[in-house]
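**Q** Sharing a structure below in structure tokens format, with a few things to ask.
Protein chains: 2
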Amino acid sequence: GAAPAIVHAQANVRWRLASSFPKSLDTIYGASEVFAKKVSEMSGGKFQISVHAAGELMPPFGVVDGVQAGTVEMAHTAPYYFVGKDETFAIGCAIPFGLNSRQMSAWMFEGNGLTLMREFYTRYNIINFPGGNTGAQMGGWYRKPITSLADMKGLKMRVAGFAGRVMEQLGVVPQNLPGGEIYQALEKGTIDAAEWVGPYDDQKLGFYKVAPHYHFPGWWEGGPQLDFFINQKAFNSLSADYKAMVEVAASHAHVEMQARYDARNPLALKQLVAAKTKLVQMPKPVLDAAFKATMDICNDLNNKNPAWKKVYADYSKFRADQNLWFRFTEATFDRYMQAAKL
Amino acid sequence: GAAPAIVHAQANVRWRLASSFPKSLDTIYGASEVFAKKVSEMSGGKFQISVHAAGELMPPFGVVDGVQAGTVEMAHTAPYYFVGKDETFAIGCAIPFGLNSRQMSAWMFEGNGLTLMREFYTRYNIINFPGGNTGAQMGGWYRKPITSLADMKGLKMRVAGFAGRVMEQLGVVPQNLPGGEIYQALEKGTIDAAEWVGPYDDQKLGFYKVAPHYHFPGWWEGGPQLDFFINQKAFNSLSADYKAMVEVAASHAHVEMQARYDARNPLALKQLVAAKTKLVQMPKPVLDAAFKATMDICNDLNNKNPAWKKVYADYSKFRADQNLWFRFTEATFDRYMQAAKL
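Chains A and B, in that order, give the protein sequences. Residue numbering for the first sequence follows my numbering, beginning at 2 and increasing consecutively. Residue numbering for the second sequence follows my numbering, beginning at 2 and increasing consecutively.
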């Protein structure tokens, strides 16, 4: 067969990137802008990637189809949006009671994560590069506080994907609503609760005014990773130097995005508390029930989905080792600092 | 005056990088190799940086002088080695009871950290780029376990720099020893204790055989950041695309290095425990005394060192905010996972 066309080092390349996120989510959406800017700078302006917000070129959840078909060369998305295609997508982003942000980077960059996820993504003509993390998300906004497992039964909650499946086992009635419709649904009582991201993003949508009980932790998103998804053929057509720029600019965007969330969440949290938000820890029986339901679903998938089974086997072993290690010096250092008078 | 010479986009550039680390510290030393490799790949081999281990071109602690004088274009080092020049160096790396790894990245990439440290480094003709983090280090190896604050009095411990000053307030007699001499000193009882890094690095030096009590947390290094130090004139002489490559390759090495430590420490920890290492949490009264001594020293420096005062004011406010936020969803998620049967 014919060898793919090789774009030479100093060739002009123009790509389009479809983001799954609106510009208003500036921390997440911004990762694509950081990525494109750095690629442009490093290539002396010759490799240009135009960044398009959700809906501009295709619907937010259409980006995997778009990259697979080559409609766009690349996308920036949260892989767990695509669990309807295959649950394995979620492992490359976040599953309930999964890896935290640092552990996820460790699995990707130094464990087998990137290798295994890339093998899986070949089915979609996609090669992925880690493109940010939000850190552990909050557990959502509730009109009434959750004080027991019984409070979860019948709860109409805006929560999607994998977490929704687990919530169902707890008696929750998961609701699927776009971000822009959550506030009104909470205000009217059409839904009882909603999860979004964390203080910085949540504050902008004003949920604290209508559902002031802000629970933690968001056990279904302990460290969700965003990804740059690139059409494999488009990537292959790049020269070696442009390929390296893509990889390295993605890493830069990756570290930048987590830094933005970490730097911006504290102020938002303080403002939310000043505006009468009630911070409430999720009761342990709720976490325990969710943990058990999650493990049941994961084991069930091991029997049903060979792709899941292969990736999850590695992921879950890595997760056990990470938590074994982190409980010693990381956790005791953090705990001391969090209790200290600073 | 004359404008500096501008190296054009596709010019051949050759730099030398002096590392403060031996090749045997492959995670830390390796960050320089990752950095140089990515710059080479992105420039199509035209921008070559040769990496030199500690001692090859200059002594490990001579690298600031070397970069300042332009003997080498750049170095990779732990800035706190240079507290003897100015204590402010330590804030850009680690001070006792400081920021953890993620918080340090947040301060650098999104807070005022990079701006403030760069302003300080102009005194040394240096511009810095974050170049890795070890994560929270362990609290060292002890021939006898520390069970009370009284056990610290008269303890001869291999610990240097800022931590040594704090230890002195606890009655410790700090010792300065190169890595290669620690084992024998511990074996003979010339010293009672020694700190190094964490399981992966410590295992190789065999301390567990002669001082089996492995304490945590390493309160003086909760998230030490390594830096690439670049001679400002050398950096200014680069074209805009090469400058961007340096910045972005450094970020890639930054995320890679933390991932390596996180991925490799768990196995080393398990092997150490299997070889009869005793994991011991440092008693709270020791931490409390060290915390108080640290705050006293920091406040004293506020009165003595204007450069320290300026940077520390921003750092300490950021630290308070970070720990306010991290105690909620991050800490409760991590604690649940660390206690879970995985």
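Beta carbons: idealized from backbone N, C-alpha and C, even for Gly.
1) Does the beta-carbon of P267(B) have 16 or more other beta-carbons within 10 angstroms, so that it is buried, or is it exposed?
2) For the structure I just gave you, are there three or more beta carbon pairs, one from the segment 241-261 of chain B and one from the segment 178-186 of chain B, closer than 8 Å?
3) What residue range is occupied by the uninterrupted beta strand (DSSP E) comprising F130(A)?
4) Compute the beta-carbon to beta-carbon distance between Y209(B) and T278(B), rounded to the nearest angstrom, for a pair I have assumed lies under 8 Å.
5) With a threshold of 8 Å between beta-carbons, can H253(B) be considered close to chain A, or not?
6) Looking only at its own chain, which residues have a Cβ that is under 6 Å from the Cβ of E34(A), when we skip the five neighbours before and after it?
7) On the three-state DSSP scale, how would you describe D87(A)?
8) Quick one: complete beta strand (DSSP E) runs, 3+ long, within the segment 129-206 of chain A?
9) Does any residue of chain B bring its CB to less than 8 Å from the CB of L150(A)?
10) Give the range of the beta strand (DSSP E) segment to which A19(A) is assigned.
11) So, is the C-beta of S238(A) closer than 8 Å to a C-beta in chain B?
12) With a threshold of 6 Å on Cβ separation, who are the neighbours of R328(B) within its own chain once the five nearest residues in sequence on each side are excluded?
13) What does L313(A) touch in chain B if you count any residue whose Cβ is under 8 Å from its own?
14) Of the residues A79(B), H216(B), H253(B) and R103(B), which one's Cα is nearest the Cα of G140(B)?
15) How about T333(B): is its C-beta nearer than 8 Å to some C-beta of chain A?
16) With DSSP collapsed to three states, give me the class of A55(B).
17) Where does N232(A) fall in DSSP's three states?
18) Within a Cβ cutoff of 6 Å, which residues of the same chain sit near L280(A), ignoring the five residues on either side of it in sequence?
19) For N126(A), I'd like the list of residues in its chain whose CB is within less than 8 Å of its CB, leaving aside the five on either flank, ordered along the chain.
20) Whose Cβ in chain B lies nearer than 7 Å to the Cβ of N324(A)?
21) Assign L239(B) to one of three DSSP states: helix, strand, or coil.
22) Quick check on this structure: which residue in M118(B), L343(B) and L325(B) has the alpha carbon closest to the alpha carbon of R336(A)?
23) Mind checking the segment 123-140 of chain B against chain A and listing, in chain order, the residues whose C-beta falls within less than 9 Å of any C-beta there?
24) Give me the Cα-Cα distance between G133(B) and V198(B), rounded to the nearest whole angstrom.
25) For S102(A) and chain B, any beta-carbon pair shorter than 8 Å?
26) Would you say R261(B) reaches chain A, if we count a Cβ-Cβ gap shorter than 8 Å as a contact?
27) Does any C-beta atom of chain B lie closer than 8 Å to the C-beta of D242(A)?
28) From which residue to which residue does the alpha helix (DSSP H) around V65(A) run?
29) Let me check understanding here. Comparing Cα to Cα, which of M338(A), C94(A), A164(A) and R103(A) lies closest to W220(A)?
30) Mapping the DSSP letters down to three states, classify A76(B) as helix, strand or coil.
31) Since W197(B) meets chain A, which of its residues come closer than 7 Å, beta carbon to beta carbon?
32) Look up T333(A) in the DSSP assignment and say whether it is helix, strand or coil.
33) Can you give me the Cβ contacts of I1(B) inside the same chain, cut-off strictly under 7 Å, excluding the 5 residues immediately before and after it?
34) Check V281(B) in the structure and name its three-state DSSP category.
35) I'd like to confirm the pairing. Which residues does DSSP put opposite Y215(A) in its beta bridges?
36) Report the neighbours of N266(B) on chain A: residues whose CB is nearer than 8 Å to its CB, in chain order.
**A** The relevant details are as follows:
1) The Cβ neighbour count for P267(B), taken over all protein chains shown within 10 Å, is at least 16; the residue is labelled buried.
2) Short answer: they don't touch.
3) Judged by DSSP secondary structure, F130(A) falls within the beta strand (DSSP E) whose first and last residues are I127 to N134.
4) Sure, about 4 Å apart at Cβ, within 8 Å.
5) At a cut-off of 8 Å between beta-carbon atoms, H253(B) makes contact with chain A.
6) Taken in chain order, the residues that qualify are V52.
7) Under the three-state reduction of DSSP output, D87(A) falls in the coil class, being neither helix nor strand.
8) List check, beta strand (DSSP E) in window: 157-159 and 174-176.
9) No, L150(A) lies away from the interface with chain B (no Cβ there is under 8 Å from its Cβ).
10) Secondary structure note for A19(A): its beta strand (DSSP E) is the uninterrupted segment V14 to S20.
11) So no, S238(A) is outside the interface.
12) Closer than 6 Å at the Cβ level, and outside the excluded window around R328(B), lies no residue.
13) Reading the sequence as shown, one finds Tyr at residue 313(A) and not Leu. Residues of chain B passing the Cβ test: none, with the nearest at roughly 12 Å.
14) If we check each option's Cα against that of G140(B), H216(B) comes out closest.
15) The C-beta of T333(B) comes closer than 8 Å to at least one C-beta of chain A.
16) Here A55(B) sits in coil by DSSP.
17) For N232(A), the secondary structure class from DSSP, reduced to helix, strand or coil, is strand.
18) Same-chain partners within the cutoff: Y215.
19) Beyond the five residues adjoining it in sequence on each side, N126(A) comes within less than 8 Å, by CB distance, of V68, Q69, G71, N232, Q233 and K234 in the same chain, given in chain order.
20) Chain order gives the chain B residues near N324(A) as M338, Q339 and L343, where near means a beta carbon separation below 7 Å.
21) Coil, per DSSP.
22) Out of M118(B), L343(B) and L325(B), L325(B) has the C-alpha closest to the C-alpha of R336(A).
23) For the segment 123-140 of chain B, which is checked against every Cβ of chain A, the residues closer than 9 Å are P131, G136, A137, Q138, M139 and G140.
24) Approximately 14 Å between the Cα atoms of the pair.
25) It does: the Cβ of S102(A) has a partner Cβ on chain B nearer than 8 Å.
26) Yes, R261(B) lies at the interface with chain A (some Cβ there is under 8 Å from its Cβ).
27) Taking Cβ atoms only, chain B reaches closer than 8 Å to D242(A), which makes this a yes.
28) V64 to A70 is the extent of the alpha helix (DSSP H) around V65(A).
29) Ranking M338(A), C94(A), A164(A) and R103(A) by Cα distance to W220(A) puts A164(A) first.
30) Judged by DSSP in its simplified three-state form, A76(B) adopts strand.
31) Here the premise fails: no neighbours, minimum Cβ distance about 13 Å.
32) It is helical.
33) Lying before the first or after the last residue shown, residue 1(B) is absent from chain B, which here runs from 2 to 343.
34) Here V281(B) carries a strand assignment [DSSP, helix/strand/coil].
35) According to DSSP, Y215(A) bridges with W142(A) and L280(A).
36) Chain-ordered, the chain A residues with CB closer than 8 Å to the CB of N266(B) read W326.
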